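Participant: Quick note on the numbering used here: the sequence shown kicks off at 134 and runs consecutively.
For each residue, glycine too, the CB sits at the ideal point set by N, CA and C.
Quick caveat: nothing in here was measured; it's all calculated off a predicted structure.
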Amino acid sequence: MNRLLNNIRLRNKMLLVYFLCVFTPMIVTNILFYDMMTDSVRDRRMKDIDRAVEQIKNDFRAQIDDAVGLSSFFYSDYPTNEILDQDYVDVADYIENYDNYLRRVMNSYSPITLSLQSIMIYVANPTLLHSGNIGLLSDEIRAEEWYKQGAATQRSQPVFMRIKSVNGDFIGFSLVRRLDYYADRMSKEKMLKIDFKTIDLKEIFANLNMQGEMYLVNPSGQIEYTTNSEVHWDARIQPLYTSFRSEHSIEFVKSFANVSYLNGWRIIGTIDEGEVVREVRKSRQFILWSGCIMIVIPTAIILIITRSINLRLVQILKHMKKVKTQSFESINEEESRDEIGQLTLEFNRMTLQIRTLIDDVYVADIQKKSLELDRRMAQLNALQSQINPHFLFNALETIRMRSLLKQENETAKIIHNMAKLFRSSLAWNKDKVTVKEELEFIHCFVQIQKYRFEDKLMYEIYVEPEAYTCELPKMLFLPFVENACIHGLEPLKQGGRVDIRIVCSDEHLEFTIRDNGIGMSEEQVNKLYRYLDMHDKLGDSIGIQNVIYRARMIYGDQFTFEVDSHLGQGTTITLRIPTNIRHSDHLSFSK
């Protein structure tokens with residue numbers, strides 16, 4: 134274990150300690166705390182929603198129970214049933230009985246009836262005055278759906294139902310009950326109908342603590358009422374609740390157990406899972422922010438301490454590596470009392486001693502060897518200076534003059550071109566030339582090649598006028614012309630053609646040379662491209678390899694070099710270098 138730790142850098146060791154002892158425990162703790170908080174918030178939210186649905190159920194039942202209590206009074210009140218069951222010869226007798234009792238009864242239940250729309254007792258007694266909450270139980274009433282449902286119940290239980298018009302349109306909700314408690318004594322059929330206010334029903338279901346949707350579902354599974362605006366609960370054909378159930382919703386179902394008049398009815402609250410998760414997200418944000426603070430502050434402290442140690446050690450290591458290259462630099466740092474400060478002090482003392490030792494022992498010997506080397510270099514330069522390039526120029530000029538005397542003008546012209554090329558190739562004190570000067574070199578070389586190949590070589594040179602004064606490295610284009618003539622066209626028996634094109638723009642000078650020679654293989658093309666990746670100095674040759682090296686050294690990535698060549702199809706080479714443009718007269722050569 135110790136061997137493994139010894140091979141780990143100090144900075145990585147401290148980071149390892151931080152991640153294992155600080156970061157990981159904090160992350161694990163926050164995750165566990167987040168899970169606990171999430172479960173707690175979710176359970177609390179579910180309980181709140183369940184209580185809200187239970188409250189809606191209780192409020193709804195309380196309103197129905199008020200109507201049921203009122204119906205029970207009329208169901209069992211003997212004077213009311215007796216007054217409604219008598220046959221009256223004179224209407225005044227009924228009015229007297231109504232005023233003496235029924236009016237007082239109706240007024241006594243006014244506090245309860247505040248939440249009710251209306252109370253009507255329909256009696257099959259045509260001798261009554263059908264007004265003041267008393268109506269005639271006619272054939273039209275018996276034909277209505279609410280009467281049929283109320284008459285079909287057993288044991289005269291109250292029935293809560295939806296009231297529709299003849300066309301099936303929604304009217305409201307009512308409680309219907311047969312008043313047959315004294316059926317063995319009285320002969321007249323009586324039916325009580327208590328209408329509810331729909332607005333009160335909406336207020337009950339519009340509970341602010343319930344942010345989901347509420348549904349009132351009848352025993353057949355049809356939606357009698359809902360807060361969901363997308364459901365047309367008041368349509369003629371009542372929608373089924375099952376058609377609106379969603380997999381992403383949580384249901385809270387409350388049924389009316391042991392309530393005979395609401396048997397099978399349900400109140401269902403649905404809420405989207407996202408609403409429950411929203412509370413969880415609030416707690417998650419709190420945990421994330423607190424976790425970030427607890428992570429960032431210790432991390433910043435540890436990074437500051439680690440940086441104080443690591444940077445100073447790296448600085449000592451950097452200066453120690455310089456010692457290998459005989460660079461004995463002292464570490465410029467304020468004096469500190471810790472172990473790294475003592476190590477820095479001892480390193481500075483050691484380098485000072487080594488530098489003093491080298492100055493005292495080796496400097497004299499190095500100076501002696503340097504003097505001997507200078508003496509030998511002077512002798513070598515003296516020998517080299519004896520070879521005078523002007524001797525070669527004078528010799529070529531003599532041959533040219535003799536050729537002119539013998540009227541060998543073509544030979545003299547070729548020798549003159551060779552002398553110009555030779556003189557230019559040795560004059561390296563001028564690093565850059567204009568395009569016009571470079572074209573003179575190219576023209577001399579092509580004339581020499583014409584002398585060799587005669588009619589086998591055809592060439593054409595086109596240069597834009599703006600390009601003649603652009604500067605470029607000396608003999609940058611000439612090696613490509615030489616390569617096209619010697620290696621591209623010379624192997625051909627019937628000769629060939631070389632086209633040279635030099636154009637310029639505001640940013641680049643472009644040189645293109647195209648020949649219809651033997652072409653190059655893919656391996657040869659790749660070899661030329663590999664010259665772009667070479668970084669070592671390649672000597673004093675003026676071949677293509679040296680040209681590419683010089684251009685890369687001068688222009689860097691602004692120099693581009695493209696080759697398009699196939700065996701038997703010729704070669705096209707394009708060079709681009711950055712340039713400055715000056716105007717000049719148009720020059721061109723062709724043959």
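Cβ atoms of I635 and E643: under 9 Å apart, would you say?
Facilitator: Here the question's residue 643 lines up with position 510 in the sequence shown. Here the question's residue 635 lines up with position 502 in the sequence shown. Cβ distance < 9 Å, so E643 and I635 count as in contact.
Participant: Mind the definition here: the segment 646-664 touches the segment 615-630 only if three or more C-beta pairs lie below 8 Å; say whether that holds.
Facilitator: yes
Participant: Check whether the segment 399-407 touches the segment 381-389, taking contact to mean three or more Cβ pairs, one atom from each stretch, closer than 8 Å.
Facilitator: Short answer: they touch.
Participant: Let's test the definition: count the other Cβ atoms within 10 Å of the Cβ of I706 and tell me whether it reaches 16, buried, or not, exposed.
Facilitator: Position 573 of the sequence shown holds residue 706. The residue in question, I706, is buried, as its Cβ has 16 or more Cβ neighbours within 10 Å.
Participant: Count the other C-beta atoms from every protein chain shown that fall within 10 angstroms of the C-beta of L516, then say buried if there are 16 or more, exposed otherwise.
Facilitator: The residue you call residue 516 lines up with position 383 of the sequence shown. No answer about L516 holds up, because its pLDDT of 36 lies below 50 and its placement is not dependable.
Participant: For G676 and P612, I'd like the C-alpha separation in whole angstroms.
Facilitator: To locate residue 676, count along the sequence shown from 1; it is residue 543. To locate residue 612, count along the sequence shown from 1; it is residue 479. Spanning the two alpha carbons is a distance of roughly 6 Å.
Participant: Just the Cα atoms here: how many angstroms apart are I327 and I267?
Facilitator: Within the sequence shown, the letter at position 194 stands for residue 327. Within the sequence shown, the letter at position 134 stands for residue 267. For I327 and I267, the distance between alpha carbons rounds to 12 Å.
Participant: Measure the Cβ-Cβ separation of Y662 and V696 and say whether it is below 9 Å.
Facilitator: Numbered from its first residue, the sequence shown carries residue 662 at position 529. Numbered from its first residue, the sequence shown carries residue 696 at position 563. For Y662 and V696, yes; Cβs fall inside 9 Å.
Participant: Three or more C-beta pairs under 8 Å: does that hold for the segment 343-357 against the segment 313-324?
Facilitator: no
Participant: What's the gap between the Cα of D588 and the Cα of F574?
Facilitator: For this step, residue 588 is matched to residue 455 along the sequence shown. For this step, residue 574 is matched to residue 441 along the sequence shown. If I take the Cα positions, the gap works out to 21 Å.
Participant: Following the continuous beta strand (DSSP E) through G305, name the residue where it begins and the one where it ends.
Facilitator: Here residue 305 is taken as the residue at index 172 of the sequence shown, counted from 1. Element bounds for G305: 303-311.
Participant: Within the continuous alpha helix (DSSP H) that includes Y227, where are the two ends?
Facilitator: Reading the sequence shown from its first residue, position 94 is the one you call residue 227. For Y227, the enclosing alpha helix (DSSP H) covers residues 224-230.
Participant: By Cβ distance below 7 Å, which residues in the same chain neighbour L334 in space, the five residues on each side in sequence not counted?
Facilitator: Working through the sequence shown from its first residue, we reach residue 334 at position 201. Excluding sequence neighbours, L334 sits near F306, Y358.
Participant: Determine the direct distance from the alpha carbon of L665 to that of H716, and round the result to whole angstroms.
Facilitator: By one-based count along the sequence shown, residue 716 stands at place 583. By one-based count along the sequence shown, residue 665 stands at place 532. Any reading at H716 must be qualified, since the residue scores a pLDDT of 39, below 50, and its modelled position is unreliable; no value is offered.
Participant: Comparing C-alpha positions only, which one of I189, I435, E215 sits nearest to F152?
Facilitator: As a first step, residue 152 is located in the sequence shown; it is residue number 19 there, counting from the start. Ranking the options by Cα distance to F152, first place goes to I435.
Participant: Which stretch, first to last residue, makes up the beta strand (DSSP E) that contains F385?
Facilitator: Residue 385 sits at position 252 when you count from the first residue of the sequence shown. Start and end: 382-388.
Participant: Excluding the five sequence neighbours on either side, which residues of its own chain have a C-beta within less than 6 Å of the C-beta of P431, listed in chain order?
Facilitator: Within the sequence shown, residue 431 is the residue found at index 298, counting from 1. Around P431: V155.
Participant: Reducing DSSP to helix, strand and coil, say where H263 ends up.
Facilitator: As a working note, residue 263 is residue 130 in the sequence shown. Coil.
Participant: Which word fits N258, buried or exposed, when buried means at least 16 other C-beta atoms lie within 10 angstroms of its C-beta?
Facilitator: Numbered from its first residue, the sequence shown carries residue 258 at position 125. Flag for N258 reads buried.
Participant: Can G424 be considered in contact with the ligand NAP, in the sense that its beta carbon sits closer than 8 Å to one or more heavy atoms?
Facilitator: For the structure depicted, the ligand NAP is absent and the ligand set is empty, with no information on it obtainable.
Participant: Measuring CB to CB, does Y234 end up less than 9 Å from T213?
Facilitator: Along the sequence shown, read from residue 1 onward, the residue named residue 234 stands at position 101. Along the sequence shown, read from residue 1 onward, the residue named residue 213 stands at position 80. Going by C-beta atoms, Y234 is nearer than 9 Å to T213.
Participant: Compute the Euclidean distance between the alpha carbons of P624 and Y688, then round it to the nearest angstrom.
Facilitator: By 1-based counting over the sequence shown, the position of residue 624 is 491. By 1-based counting over the sequence shown, the position of residue 688 is 555. For P624 and Y688, the distance between alpha carbons rounds to 34 Å.
Participant: Using 10 angstroms around the beta-carbon of I200, count the other beta-carbons present and answer buried if the total reaches 16, otherwise exposed.
Facilitator: In the sequence shown, residue 200 corresponds to position 67, counting from 1. The residue asked about is misnamed: residue 200 is Ala in this sequence, not Ile. Classification of A200: buried, given that the 10 Å Cβ count is 16 or more.
Participant: Would you mind stating whether F193 and I337 have Cβ atoms separated by less than 9 Å?
Facilitator: Numbered from 1 along the sequence shown, position 60 holds the residue referred to as residue 193. Numbered from 1 along the sequence shown, position 204 holds the residue referred to as residue 337. For F193 and I337, yes; Cβs fall inside 9 Å.
Participant: Per DSSP, which one or two residues make a beta bridge with V793?
Facilitator: The structure shown has nothing for residue 793, since the chain only spans 134 to 724.
Participant: Quick check on the DSSP output: the beta strand (DSSP E) that includes F338 runs from which residue to which?
Facilitator: On the sequence shown, residue 338 is found 205 positions in, with the first residue counted as 1. Premise fails: F338 lies in the alpha helix (DSSP H), 331-338, not in any beta strand (DSSP E).
Participant: Once you ignore the five residues that flank Y221 on each side, which residues in its own chain have a CB closer than 6 Å to its CB?
Facilitator: On the sequence shown, residue 221 is found 88 positions in, with the first residue counted as 1. Exclusion of the five residues before and after Y221 leaves Y227, T260 as the residues of its chain whose Cβ lies within less than 6 Å of its Cβ.
Participant: Does the contact criterion of 3 or more C-beta pairs under 8 Å hold for the segment 366-373 versus the segment 385-404?
Facilitator: no
Participant: Just to confirm, is the Cβ distance from R275 to Q290 under 9 Å?
Facilitator: Within the sequence shown, the letter at position 142 stands for residue 275. Within the sequence shown, the letter at position 157 stands for residue 290. Not a contact, by the Cβ cut-off of 9 Å.
Participant: Helix or strand or just coil, what does DSSP make of M453?
Facilitator: Position 320 of the sequence shown holds residue 453. In the structure shown, M453 sits in a helix (DSSP, three-state: H, G or I).
Participant: Pull up the DSSP beta-bridge partners for L590, would you.
Facilitator: Within the sequence shown, numbered from 1, the residue matching residue 590 stands at position 457. L590 is bridged to G629.
Participant: What are the start and end residues of the beta strand (DSSP E) that includes Q657?
Facilitator: For the purposes of this step, residue 657 is taken as the residue at position 524 of the sequence shown. Looking at the DSSP string, Q657 is not in any beta strand (DSSP E); the run it does join, the alpha helix (DSSP H), is 655-663.
Participant: Measure the beta-carbon distance from F461 to I438 and round it to whole angstroms, keeping in mind my assumption that it falls under 8 Å.
Facilitator: Numbered from 1 along the sequence shown, position 328 holds the residue referred to as residue 461. Numbered from 1 along the sequence shown, position 305 holds the residue referred to as residue 438. That pair is no contact at about 31 Å.
Participant: Under a three-way DSSP split, which group does M239 fall into?
Facilitator: Locating residue 239 in the sequence shown gives position 106, where the first residue counts as 1. The three-state reading of DSSP puts M239 in helix, counting H, G and I together.
Participant: Starting from the Cα of Q702, find the closest Cα among G629, V596, R709 and give me that residue.
Facilitator: The residue you call residue 702 lines up with position 569 of the sequence shown. Answer by Cα proximity: G629.
Participant: Could you check what DSSP says for D697 in three-state terms: helix, strand or coil?
Facilitator: Locating residue 697 in the sequence shown gives position 564, where the first residue counts as 1. Three-state result, D697: strand.
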